[in-house]
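So the protein sequences, as listed, match chains A and B. When the count follows our numbering, it moves up by one through the first sequence with no breaks and lands on 1417 for the last residue. When the count follows our numbering, it moves up by one through the second sequence with no breaks and lands on 1122 for the last residue. Here is the structure we will look at.
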Amino acid sequence: MAILVLADHDGRHVKQPTRSAVAAAERIGGEVHVLVVGEGVAEAAESAAKLPGVAKVLVADAPAYAHPLAEPLAALLATLAPGYSHLLAPSTTMGKNVMPRLGALLDVQPISDIAGVVDADTFVRPIYAGNALATVKSSDATKVITVRAASFDPLPEEGGSAAIEPVAAAEDPGLSRFVGQELSKSERPELTAARIVISGGRGMGSGENFKLIDAVADKLGAAVGASRAAVDAGFVPNDYQVGQTGKIVAPELYVAVGISGAIQHLAGMKDSKVIVAINKDEEAPIFQVADYGLVADLFQALPELAAALDSK
Amino acid sequence: MKILVPVKRVVDYNVKIRVKSDGSGVDTANVKMSMNPFDEIAVEEAVRLKEKGKATEIVAVSAGVAACQETIRTALAMGADRGILIETDAELQPLAVAKLLKALVAKETPDLVIMGKQAIDDDMNATGQMLAALLGWAQGTFASKVEPGDGRITVTREIDGGLETVDLKLPAIVTTDLRLNEPRYASLPNIMKARKKTIETVKPADLGVDVTPRLRVLKVEEPPKRKAGVKVGSVAELVQKLRTEAKVI
Ligand SMILES: Cc1cc2nc3c(=O)[nH]c(=O)nc-3n(C[C@H](O)[C@H](O)[C@H](O)COP(=O)(O)OP(=O)(O)OC[C@H]3O[C@@H](n4cnc5c(N)ncnc54)[C@H](O)[C@@H]3O)c2cc1C
Ligand SMILES: Cc1cc2nc3c(=O)[nH]c(=O)nc-3n(C[C@H](O)[C@H](O)[C@H](O)COP(=O)(O)OP(=O)(O)OC[C@H]3O[C@@H](n4cnc5c(N)ncnc54)[C@H](O)[C@@H]3O)c2cc1C
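This is how it looks when you write it as structure tokens:
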């Protein structure tokens, strides 16, 4: 039977974590279909159809889907589920909101945040903030899965030409209504998709001081992240949080500035290819995972770093 | 408004866990156990709603071994009114927990269930959404603000791009995110008072729920360890190494 991947998209493109989820689906094996849900999402459907290896794109385009509310989305997926052996979504807040609800509708125990595929029934998932990896085998007939994007290289954006097929909207349970959203505006790459991430912690001292991080991020084309302490203190918005209970990132380069390296933070970044830590405390645990550690005051080091990146 | 708050007993977030050498799981013998931090936030929110006169009664529920009583006591000391222990030595996965909670909801008929977005041991982030589906209720997950109104509740949610606000029909499920509130510490007098509050014990069979796990854990391993690298002496050296050695910039 085929595999259905629920796309996370912005109305025009499928987001990078979706491409990782499709990569995971291909690892499981079988015909891969992608479901694009929204209102006015023809362009996003076309971007899904270009993903290599995708056999079919299903599109549910209706006003009820203008915002990705869990209740109508799970109801729609439940109507499509009988045709599929596996239903996947990326572990974005959208996927995490919808898929467990779908699991319960199907009487299936979902498998959250998989980081590896062993076979069609068996998956690897991190537990205890990534300090242990559990290999779990599902006995459910249908598998409902969210995929840790950082663990699967995303497919290229182009290469395929899948057929696009409309599907009917399911009945809206009418339980929830979208009121509004406040999205952080940024010209920078998305945290979970960036090649380079630079994060600040409590050591930054204020939101104003994040300008020092921004200056370096601009030079590197990096995304900006933060520790929970920096978010809780109000230095930066919630969506900057990297960690066990925030975003999981695995960029080529992760720079941690004024971050001590609590296990909950490490859980979100320790799979990065190269880790740099800048901290004035040489005993800070972050140095235990850093490839390059610089014991320094960040207020001196960051301006120096911005300047050094200018000169070749 | 009556509020049900499920609270899970987990390995304390400060404990550095050890994977058992036979690969069967994580060593939880003799380690400090605490209430899941997100559930403390859930209890706190319920207690604040009661203090504001919006909630009338708070029932704390935990499913698991007899020692989960301690977790319930903590909730009672924070201000919950009474507790229910669903006692079992069986391994519980979120679907089973959601079914147990559904059965309790049928008995207790709360207007709102506030629970953690994720338990910090198994990191499933699933139980709340599953309970909502089983009950046919709305769900407000990853909440950073909740405002109950007349037959409805407004929930502000932490999402990948920022914040989203939804309006839900009551009864509903809310799952807590970190910024919802800062949980209080129970005061000594309240800890004493909590000893007198009642905890009722039920068994999964009393609730007619089959808790057989659907996921079998084949093995648990340690993740590959990162080795500590080198200390660099200056920013200039750092940049040079990133350019010529690591080749990432
Ligand atoms: C349920 C739960 C979930 C959590 N989830 C997350 C999560 O997802 N992500 C997360 O990050 N945390 C999370 N945490 C919090 C985590 O435990 C730590 O408290 C947090 O990561 C600490 O942030 P920090 O390193 O910025 O602050 P601190 O630990 O206070 O470290 C600040 C560091 O800055 C350094 N510093 C200070 N001034 C300077 C200076 N001038 N120059 C250079 N260095 C300086 C200090 O030496 C210190 O090492 C969670 C905790 C709990 C209980
Ligand atoms: C390797 C491994 C070994 C395990 N061994 C055992 C074992 O020996 N014994 C055992 O009991 N379980 C065991 N489990 C099950 C596991 O610890 C979790 O209980 C289960 O998978 C639920 O997932 P979660 O807590 O991450 O749910 P989440 O969906 O992340 O939890 C979200 C919220 O649901 C509520 N909730 C969840 N569980 C409960 C509960 N029990 N009571 C009240 N509220 C709750 C809380 O409000 C919590 O914040 C094991 C799991 C693994 C992977």
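Built from N, CA and C at the ideal position, the CB exists for glycine as well.
Taking only three categories from DSSP, how would you classify residue i?
i, result
"A/Leu-1111", "strand"
"A/Met-1374", "coil"
"B/Thr-1058", "Just to set this straight, residue 1058 of chain B is Tyr in the shown sequence, not Thr. Reduced to three states, the DSSP call for B/Tyr-1058 is coil."
"B/Phe-1015", "strand"
"B/Ala-963", "coil"
"A/Ile-1104", "Lying outside 1106 to 1417, the shown extent of chain A, residue 1104 of chain A is not represented and no answer is given."
"B/Met-1003", "helix"
"B/Val-888", "coil"
"A/Leu-1210", "helix"
"A/Asn-1202", "helix"
"A/Thr-1123", "helix"
"B/Met-997", "coil"
"A/Thr-1350", "coil"
"A/Asp-1319", "helix"
"B/Val-1093", "strand"
"B/Leu-968", "helix"
With a threshold of 8 Å between beta carbons, is residue i in contact with chain B?
i, result
"A/Ile-1216", "yes"
"A/Glu-1409", "yes"
"A/Tyr-1397", "yes"
"A/Arg-1117", "no"
"A/Gly-1285", "yes"
"A/Phe-1404", "no"
"A/Phe-1392", "yes"
"A/Ser-1244", "yes"
"A/Val-1381", "yes"
"A/Ile-1357", "Note that residue 1357 of chain A corresponds to Glu in the displayed sequence, not to Ile. So, interface residue."
"A/Pro-1205", "yes"
"A/Ala-1186", "no"
"A/Arg-1124", "no"
"A/Tyr-1189", "no"
Does any CB atom of chain A fall closer than 8 Å to the CB of residue i?
i, result
"B/Ile-890", "yes"
"B/Thr-1038", "yes"
"B/Asp-996", "yes"
"B/Met-874", "no"
"B/Val-1093", "yes"
"B/Ala-1182", "Residue 1182 of chain B lies beyond the range of chain B shown here (874 to 1122); nothing can be said about it."
"B/Gln-942", "no"
"B/Met-1003", "yes"
For residue i, list the residues DSSP reports as bridge partners.
i, result
"B/Arg-955", "B/Val-932"
"A/Pro-1261", "In DSSP, A/Pro-1261 forms no bridge with anything."
"A/Thr-1227", "A/Asp-1224, A/Lys-1242"
"A/Tyr-1189", "A/Ala-1107"
"A/Phe-1283", "B/Val-1039"
"B/Asn-903", "In DSSP, B/Asn-903 forms no bridge with anything."
"A/Glu-1270", "A/Leu-1163"
"B/Glu-1020", "B/Thr-1027"
"A/Ile-1232", "A/Ala-1237"
"A/Leu-1358", "A/Ile-1301, A/Val-1379"
"B/Ile-945", "DSSP lists no partner for B/Ile-945."
"A/Pro-1195", "A/Val-1252"
"B/Lys-875", "B/Glu-930"
"A/His-1172", "A/His-1172 is not bridged to any residue."
"A/Val-1400", "A/Asn-1384"
Taking 7 Å as the cut-off, is the beta-carbon of residue i closer than that to any non-hydrogen atom of ligand 4?
i, result
"B/Pro-1097", "No copy of ligand 4 occurs in the structure displayed; its ligands are ligand 1 and ligand 2 alone."
- Message: Any residue with its C-beta under 5 Å from a non-hydrogen atom of ligand 1 counts. Can you list them all in chain order?
- Response: Every residue whose Cβ sits closer than 5 Å to any heavy atom of ligand 1 is listed here in chain order: A/Gly-1306, A/Arg-1307, A/Gly-1308, A/Ser-1332, A/Arg-1333, A/Ala-1334, A/Gly-1348, A/Gln-1349, A/Thr-1350, A/Gly-1351, A/Gly-1363, A/Ile-1364, A/Ser-1365, A/Ala-1367, A/Gln-1369, A/His-1370, A/Asn-1384, A/Lys-1385, A/Asp-1386, A/Ala-1389, A/Asp-1402, A/Leu-1403, B/Tyr-886, B/Pro-910.
- Message: Three Cβ pairs or more, each shorter than 8 Å: is that satisfied between the stretch 915 to 923 of chain B and the stretch 884 to 903 of chain B?
- Response: By the C-beta criterion, the stretch 915 to 923 of chain B is judged not to be in contact with the stretch 884 to 903 of chain B, since fewer than 3 inter-stretch pairs fall below 8 Å.
- Are three or more beta carbon pairs between the stretch 1228 to 1248 of chain A and the stretch 1089 to 1105 of chain B nearer than 8 Å? The stretch 1228 to 1248 of chain A vs the stretch 1089 to 1105 of chain B: in contact.
- Message: Assess contact between the stretch 1297 to 1316 of chain A and the stretch 1344 to 1356 of chain A, defined as three or more Cβ pairs (one per stretch) separated by less than 8 Å. Is contact present?
- Response: A contact exists between the stretch 1297 to 1316 of chain A and the stretch 1344 to 1356 of chain A.
- Task: State whether the stretch 1196 to 1215 of chain A contacts the stretch 1223 to 1236 of chain A, with contact taken as three or more CB pairs (one from each stretch) at a distance under 8 Å.
- Result: No, the stretch 1196 to 1215 of chain A does not touch the stretch 1223 to 1236 of chain A.
- Message: Can you confirm whether the stretch 1188 to 1196 of chain A touches the stretch 1122 to 1140 of chain A when touching is taken to mean that 3 or more C-beta pairs between the two stretches lie within less than 8 Å?
- Response: Yes: the two stretches touch, three or more of their Cβ pairs being nearer than 8 Å.
- Query: Pairing CB atoms from the stretch 950 to 965 of chain B with CB atoms from the stretch 1017 to 1026 of chain B, are three or more of them under 8 Å?
  - Reply: Under the Cβ criterion (8 Å, minimum of three pairs), the stretch 950 to 965 of chain B does not count as touching the stretch 1017 to 1026 of chain B.
- Taking 8 Å as the threshold, find out whether the stretch 1038 to 1054 of chain B comes into contact with the stretch 1068 to 1076 of chain B through three or more Cβ pairs. Note that the stretch 1038 to 1054 of chain B does not touch the stretch 1068 to 1076 of chain B; fewer than 3 beta-carbon pairs, one per stretch, sit closer than 8 Å.
- Within the chosen definition, does the stretch 996 to 1004 of chain B reach the stretch 1208 to 1217 of chain A through at least 3 CB pairs nearer than 8 Å? Remark: three or more beta-carbon pairs, one from each stretch, lie closer than 8 Å, so the stretch 996 to 1004 of chain B and the stretch 1208 to 1217 of chain A are flagged as touching.
- Task: Report yes or no: do the stretch 1050 to 1063 of chain B and the stretch 1014 to 1021 of chain B share at least 3 C-beta pairs separated by less than 8 Å?
- Result: At 8 Å Cβ cutoff, the stretches touch.
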